[in-house]
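Peer 1:
Residue numbers (our numbering): 8 to 198.
#1: Grouping DSSP H, G and I as helix and E and B as strand, with all else coil, what is residue 174?
#2: Looking at C-alpha atoms only, which residue of 177, 16, 59 is the closest neighbour of residue 116?
#3: Ignore the nearest five residues each way along the sequence and tell me which others in residue 57's own chain have a CB closer than 6 Å to its CB.
#4: If we count the other Cβ atoms within 10 Å of its Cβ and call it buried at 16 or more, is residue 71 buried or exposed?
#5: Evaluate contact between the stretch 91 to 108 and the stretch 64 to 78, counting only Cβ atoms and requiring at least three cross-stretch pairs below 8 Å.
#6: Any chance you could list the beta strand (DSSP E) runs of at least 3 consecutive residues sitting entirely within the stretch 39 to 107, in chain order?
#7: May I ask you to list the residues that DSSP assigns as paired with residue 37?
#8: Nearest to residue 88 by CA position, among 34, 106, 149, is which residue?
#9: Give the secondary structure of residue 140 by DSSP, where H, G and I count as helix, E and B as strand, and everything else as coil.
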């Protein structure tokens, strides 16, 4: 059962939406307003999805979402009446996964939540792939620098320098990038 945190300052509207969510098979945690304390306590509550129902997202709300998205990312569905392009863009930049304008019929909530979950998973996978690619590029750069240093110091070819680095890494039971980083650090220290 998915755990949904529902945030809405309008108690009547929140109650109706919470009822629809419960009927849809969701466990619902209700909150009246978004706050920094709520965002900081997100790890304790650990919702699978956050749904925010608001007339129009304000700057504070979007800032809180931005902080949460960096530290504890979650899929966020925002239900609002605000169809301003700038507001939509800011909401998406702040971590909103699905932005729905003009209310929601109870039968539409399940597909909207499923789309938000799928988009969130895709976004997280892309972020992970990007971080992996950046780390690999950084490793390649440091290995290239280390190879250049070995080539100059030993007077060997690029392939021979790579083989020397690889052998050193294997003998030390370290990754090639770790040995390269140490070597480049030493080369910079020695000038």
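Ideal Cβ placement from N, Cα and C applies to all residues, glycine included.
Peer 2: This is what the structure holds:
#1: It is helical.
#2: Relative to residue 116, the option among 177, 16, 59 whose CA is nearest is 59.
#3: Correct list, in chain order: 12, 81, 83.
#4: Buried.
#5: At 8 Å Cβ cutoff, the stretches touch.
#6: For secondary structure counted as the beta strand (DSSP E) over 3 or more consecutive residues, the stretch 39 to 107 holds these complete runs in sequence order: 56 to 60, 83 to 87.
#7: For residue 37, which the question treats as bridged, DSSP gives the partners 13.
#8: Ranking 34, 106, 149 by Cα distance to residue 88 puts 106 first.
#9: It is helical.
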